[in-house]
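As you go down the protein sequences, you meet chains A and B in turn. Those letters in the first sequence? Residues 1 to 410, by our numbering. Those letters in the second sequence? Residues 1001 to 1115, by our numbering. Each remark here refers to the structure printed beneath this line.
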Amino acid sequence: MQTGKQLIPHLFRTEYSKITAVLARLFGFEHIEIAEDIASDTFLLAAETWGIKGIPENPVAWLYTVAKNRAKDHLKHNAIFSDKVVIHIQKTNTELHELEIDLSPQNIVDSQLQMMFAICNPAINTEAQIGLSLRILCGFGIEEIADAFLSNKETINKRLFRAKEKLRKEKVKIEFPKPSEINYRVQAVLTTLYLLFNEGYYSLSQNSTLRKDLCFEAMRLNFLLVENKSTNIPSANALLSLMCFHASRFEARTNTNGEIVLYEDQDTSLWDNELITQGEFYLNKAAEGNEISKYHFEAAIAYWHTKKNNNPDKWENILQLYNKLLLIEYSPIAALNRTYALARANGKPIAIKEAEKLKLDNNHLYYSLLGYLYTDVDNEKALAHLKTALSLAKSKTDKEMIMKSIDKIR
Amino acid sequence: MKEFILLFRNASSNAPQLTPEQMKEISKPWQDWMGSLAAQNKIVNIGARLANEGATVKPEDVVTDGPYAEIKEILLGFTIIKADTLEEAIELSKGCPVLAMGGNVEVRPIVQMNS
């Protein structure tokens, strides 16, 4: 039997964001804090009431009823707010006579999708977009967001406050973009989801449960996009495919001490076949239509990484995909990964020549790669590069990984 | 950073239709070379590969068949790269697969509109 103490945090995650999205859509983005307050109050009341009377038969329905009543109360007792909001509501729905708060599954999904478009707005920087997404779309607590960003509550609170101010100033609306703008607007959402996923996947936070949650939330939001007819575009499918492939290695990429296990050293029996199959499904969906995005190439690269055999063919395919990805969009990490694939496909000597052209002099990963390439070719040079890498690396995890490579040579 | 256009030229040939296998063999060095330039963040515009057929339009309504009526070699394609100096652009061109085919690369700085 679940107790209120266990159930409430779980429901908070799933239901807080739904209530907030529906109410904020009804009130307009300028009143988003009122929507958040009503959602928070609802959970506060749940904690009090359920502690005394026990958990109701249908906790979600209970929460929705309370949220609806709180919203109506608020409108009744705040004449100024009420006037503004009623005008807003009448504008959006002319048939409305009495305030109806629609917490049906369809309206929840629509509201959350529209909220995604409102938040993933280039007017605020990507960190603010991710922070707001975590709070408003994923129901994360401020403390959890601070943990994910290796920051503190105060900083995160300030950042979210400023972001909301900015969006209000920009008069951001919680609505679906025009059909002609969908493609362009979805790209902004995908960028945020991609970064949100990476924040979880590559985060330096020691809290591995939290990191997985970040990834799964990015996947859940991405799933909302592909489930909706107007936003189900190839690049959205490609990104979801990429996330599925990466997530399939969750269990294999850290050991029991929480340390990172390199791809080459992973126990492949820990790879999640169900997620790999899902990744393949969305990769096929991504191939429908003419659009080809960087997510397509990244997903295809991730697809080849799910293959357990290590024949040169696999790495040749990965190399060619990196060649194409780099022609769409340069990034230092893609350049480094391309060079690694080149070594696996065509041998270290060729890759060393290419690596020395990259000149990513301040990047510890660059020297780690050079260290790897020179290992068993010229161990003295390998050691020198790894020592440079060690001096440039900032995080404990990175330093430990480099130390391991150094120990292997010695 | 300045921009340079690389013009790839080779002797015109009436090569027979290539099999997909042969096509793959020819395109791999190109993909690797372009990938290498891209990994160095030197590509401005990937450019294009040009078909063999075409026409040349001349004054007084004269149109000749194909681009190669009077010249021995034809333009195969082009790419735009960025480099600090002409010397660097020349260095980057030295790995071009057209050279292994007996062709050549013409490296020309692009004149910026505002200069």
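Using N, Cα and C, we set each Cβ at its ideal position, and we do this for glycine too.
Counting along the chain, F216/A sits inside no beta strand (DSSP E); it lies in the alpha helix (DSSP H) bounded by residues S208 to E227.
Distance between N228/A and F117/A, taken at the CA atoms: about 13 angstroms. In the structure shown, the three-state DSSP call for T397/A is helix. Spatial neighbours of L221/A in its own chain (CB-CB distance under 7 angstroms, excluding positions within 5 residues in sequence) are listed in chain order as M116, L137 and L193.
Taking 4 residues as the minimum length, the alpha helix (DSSP H) runs contained wholly in the segment 218–292 of chain A are 234–247 and 273–286, in order along the chain. Your pair K212/A and F250/A checks out as a contact, with CB atoms roughly 6 angstroms apart and the cut at 8 angstroms. The beta carbon of I1090/B sits closer than 7 angstroms to the beta carbons of V1107 from its chain, once the five residues preceding and following it are set aside; these are given in chain order. Ranked by Cα distance from T339/A, the first of D272/A, Y367/A and N362/A is Y367/A. Proximity of chain B to E354/A at the Cβ level (cut-off 8 angstroms) is accounted for by S1036 and A1039, in chain order. Annotation: S111/A to A335/A spans about 39 angstroms, alpha carbon to alpha carbon. One thing to note: K1002/B has its Cβ within 8 angstroms of the Cβ of P1109/B. Using a CB distance below 8 angstroms, the part of the segment 1040–1069 of chain B facing chain A consists of Q1040, N1041, I1043 and I1046, ordered along the chain. By the beta-carbon neighbour count (other beta carbons within 10 angstroms, threshold 16), P179/A is exposed.
Excluding its 5 nearest sequence neighbours in each direction, D147/A has C-beta neighbours in its own chain below 7 angstroms: S205, N207 and L210, listed in chain order. For the 8 angstroms CB-CB criterion, A351/A and L342/A form a contact. The Cβ neighbour count for L150/A, taken over all protein chains shown within 10 Å, is under 16; the residue is labelled exposed.
Between L113/A and T20/A a beta carbon distance of about 14 angstroms is seen, past the 8 angstroms cut, so the two are scored as non-contacting.
Distance from the CA atom of Q6/A to the CA atom of V189/A, rounded to whole angstroms, is 32 angstroms. For I1043/B, the three-state secondary structure derived from DSSP is strand. For A1083/B, the uninterrupted beta strand (DSSP E) run begins and ends at E1073 to A1083, by DSSP. The three-state secondary structure of A118/A, taken from DSSP, is helix. With contacts defined as CB atoms closer than 8 angstroms, N323/A and A1048/B fail to qualify as a contacting pair.
Taking the C-beta atoms as reference points, I130/A is found no nearer than 8 angstroms to K18/A.
Distance check between S269/A and each of I52/A, K285/A, N309/A and S235/A places N309/A closest, using alpha-carbon atoms only.
Segment contact: the segment 161–178 of chain A against the segment 119–127 of chain A, three or more CB-CB distances shorter than 8 angstroms; contact assigned. Straight-line measurement puts the Cα of I101/A at about 8 angstroms from the Cα of L26/A.
By the neighbour-count criterion, in which 16 or more other beta carbons inside 10 Å mark a residue as buried, R70/A falls on the buried side.
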